[in-house]
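Residue numbers (our numbering): 103 to 361.
What follows is the structure, given as structure tokens:
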């Protein structure tokens with residue numbers, strides 16, 4: 103317990119409880135699972151988010167993992183604090199494809215539906231206002247738990263070489279690899295679609311064709327060279343064309359040979 107307490111104290115460094123905090127509800131003989139709640143600083147009722155685990159150590163670890171991108175403090179609270187809210191039904195859906203389910207259940211399997219309720223659902227009856235308010239609370243949680251957006255990639259936005267010309271000794275770093283089945287062949291031949299960049303940030307795409315047949319559509323042939331993000335490669339290739347997507351210019355390569 104002392105070790106977990108120290109770990110959570112370190113985890114909370116730099117986090118704030120100015121607008122409330124996240125709480126682990128302590129398990130009891132009648133409620134054997136620890137659960138995660140969001141407690142707000144205003145008059146909104148505590149928001150049940152999900153169960154965590156049946157031991158405190160596992161529950162604290164799972165809670166910290168869920169809150170790794172969050173700037174809100176994590177605490178634990180005795181379960182008696184939450185008892186008045188267990189039997190409430192204001193957060194149970196009375197319409198739609200999730201009729202009969204609590205919003206917390208729906209958020210776990212389909213968060214976009216809850217976000218739609220928070221932002222676009224217009225209740226026609228007063229009793230549905232509570233549903234929308236609960237969905238809006240989950241929208242706050244969703245924003246707090248989501249990873250920060252990566253900054254937009256700034257490309258030099260220029261094409262390399264002329265179509266049909268050969269490029270020599272290109273030194274590239276692989277950014278992304280997508281495996282896909284060659285649908286023109288009757289068996290499983292797995293190609294690799296590659297996105298790479300040079301040291302100036304110019305982007306290139308090419309396809310690494312399968313070197314042999316695979317046993318399943320989910321694995322490369324043992325004869326294929328497996329490429330992965332982060333690998334640095336040197337190659338020569340012919341410029342097959344240029345295209346632009348979302349303001350970034352790409353050079354498409356063919357006849358690729360590794361140097």
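Note that CB positions come from ideal geometry on N, CA and C, so glycine has one too.
query, result
"Unbroken alpha helix (DSSP H) run spanning residue 104, endpoints", "104-113"
"Buried or exposed by the 16-neighbour rule on C-beta atoms within 10 Å, applied to residue 273", "exposed"
"Given 8 Å, three or more beta-carbon pairs between the segment 297-308 and the segment 240-252", "no"
"Bridge partner(s) assigned by DSSP for residue 124", "140, 176"
"Nearest neighbour of residue 363, chosen from 260, 141, 132, 232 [CA to CA]", "Because the chain in this structure spans residues 103 to 361, residue 363 falls outside the shown range and cannot be described."
"Contact set for residue 203: own chain, Cβ-Cβ below 8 Å, skip 5 residues either direction", "194, 195"
"Supposed close pair residue 262, residue 353 - CB separation, criterion 8 Å", "5 Å"
"Beta-carbon gap between residue 293 and residue 310 smaller than 8 Å", "yes"
"DSSP three-state assignment for residue 171, whether helix, strand or coil", "coil"
"3 or more residues per run - each beta strand (DSSP E) lying fully within the segment 229-314", "268-283, 292-299, 305-310"
"Burial state of residue 271 (16 or more Cβ within 10 Å)", "exposed"
"Cut-off 6 Å between Cβ atoms - residues of its own chain near residue 142, not counting five sequence neighbours on either side", "122"
"Counted within 10 angstroms of its Cβ, other Cβ atoms place residue 151 as buried (16 or more) or exposed", "buried"
"Outcome for residue 362 when other beta-carbon atoms lying within 10 angstroms are tallied against a minimum of 16", "It is not possible to answer for residue 362, since the shown part of the chain is limited to 103 through 361."
"DSSP bridge partner residues for residue 326 (one or two, in chain order)", "Answer is none; residue 326 lacks a bridge partner."
"Chain-order list of residues whose beta-carbon lies under 6 Å from that of residue 233 (same chain, five-residue window excluded)", "none"
"Outcome for residue 166 when other beta-carbon atoms lying within 10 angstroms are tallied against a minimum of 16", "buried"
"Segment contact, 8 Å Cβ cut-off, at least three pairs: the segment 178-191 with the segment 144-163", "yes"
"Own chain residues within Cβ distance below 8 Å of residue 315, not counting five before or after", "289, 290, 291, 323"
"For residue 120 and residue 144, the rounded distance between their alpha carbons", "10 Å"
"Separation of residue 205 from residue 211, as counted between CA atoms", "10 Å"
"Per-residue burial, residue 219 [other beta carbons within 10 Å of its own, 16 or more giving buried]", "buried"
"Through-space distance from residue 137 to residue 197, alpha-carbon basis", "27 Å"
"For residue 333, the first and last residue of its enclosing alpha helix (DSSP H)", "Note, residue 333: premise wrong, no alpha helix (DSSP H); not H, not E."
"Rounded straight-line distance, which links the Cα of residue 192 to that of residue 230", "8 Å"
"Beta-carbon spacing of residue 171, residue 269 below 8 Å", "no"
"Residue from 321, 351, 333 whose Cα sits closest to the Cα of residue 304", "351"
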